[in-house]
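Enquirer: For the sequence shown, counting from 1, position 24 maps to 454 in this note's numbering; every step adds exactly one. Positions of the beta carbon are idealized from the N, C-alpha and C atoms, including for glycine. All values reported here derive from a predicted model rather than from experimental measurement. Here you go, one structure.
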Amino acid sequence: MVPEGGVGDEPPPALHHVPDRPEGAERPERPDPGRVASADVEELWTWIDHPDPAVQVQALQGPALTDEQLLALADPDRDFSVRFAVAIDHRPLAALYAADDPHPVMRVLVTGRDDCPAQLRDELLADPEVRALRQRIAASPLLAQLDLLRQMSDG
Numbered sequence: 431m432v433p434e435g436g437v438g439d440e441p442p443p444a445l446h447h448v449p450d451r452p453e454g455a456e457r458p459e460r461p462d463p464g465r466v467a468s469a470d471v472e473e474l475w476t477w478i479d480h481p482d483p484a485v486q487v488q489a490l491q492g493p494a495l496t497d498e499q500l501l502a503l504a505d506p507d508r509d510f511s512v513r514f515a516v517a518i519d520h521r522p523l524a525a526l527y528a529a530d531d532p533h534p535v536m537r538v539l540v541t542g543r544d545d546c547p548a549q550l551r552d553e554l555l556a557d558p559e560v561r562a563l564r565q566r567i568a569a570s571p572l573l574a575q576l577d578l579l580r581q582m583s584d585g
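Here you go:
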């Protein structure tokens with residue numbers, strides 16, 4: 431029989447590590463998704479500048495999002511997950527911003543978009559990093575997906 435805490439006296443292992451906040455630091459507010467969806471342009475800036483990447487991705491879904499705000503979300507200094515969300519966003523302008531991303535995953539995503547202009551697709555397909563990643567995906571989709579997940583966790 432296994433005790434409630436796990437094997438022996440050890441607690442069950444955590445599925446993931448959540449870093450501790452500095453003492454006295456407040457957890458940033460995570461808004462209700464409906465609040466972000468109904469936000470006007472000015473309020474969207476609040477969510478775009480939010481420290482939580484998940485909130486930034488929510489802001490991307492705001493119907494009032496401007497081109498300037500989309501560009502801000504595509505910034506290479508943003509979290510990988512935010513830039514990934516931009517790369518797969520339905521707006522044609524998102525593809526153009528993602529095509530300039532330094533990470534080859536973003537550029538590969540753009541090559542698969544129906545709205546990617548032919549000239550841009552050709553330029554991206556000529557990029558050695560894009561070609562190599564596309565070949566890896568074609569050769570072993572599962573390995574490529576695992577690598578993508580690793581890259582996302584590395585930031």
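Please classify Pro463: does DSSP put it in a helix, a strand, or coil?
Expert: Three-state result, Pro463: helix.
Enquirer: With C-beta atoms as the reference, is Ala529 less than 8 Å away from Val516?
Expert: no
Enquirer: For Ser570, does the three-state DSSP call read helix, strand or coil?
Expert: The three-state reading of DSSP puts Ser570 in coil, since its state is none of H, G, I, E or B.
Enquirer: What is the rounded straight-line gap between the Cα of Asp531 and the Cα of Asp507?
Expert: 10 Å
Enquirer: Using the C-alpha atoms, what's the distance from Pro571 back to Glu498?
Expert: 35 Å
Enquirer: To the nearest angstrom, how far is the alpha carbon of Ala455 from that of Ile478?
Expert: Note that Ala455 scores 48 on pLDDT, short of 50, meaning its location in the model is unreliable; the coordinates nonetheless yield the value given after this. Computed Cα separation, rounded: 21 Å.
Enquirer: Cutting at 8 Å between CB atoms, please list the residues of its own chain near Pro493, excluding the five before and the five after it.
Expert: Ala467
Enquirer: Spatial neighbours of Asp557 within its chain, please: CB distance less than 7 Å, with the 5 preceding and 5 following residues excluded, ordered by chain position.
Expert: Arg537
Enquirer: Would you mind sorting Val471 into buried or exposed? The rule is 16 or more other CB atoms within 10 Å of its CB.
Expert: exposed
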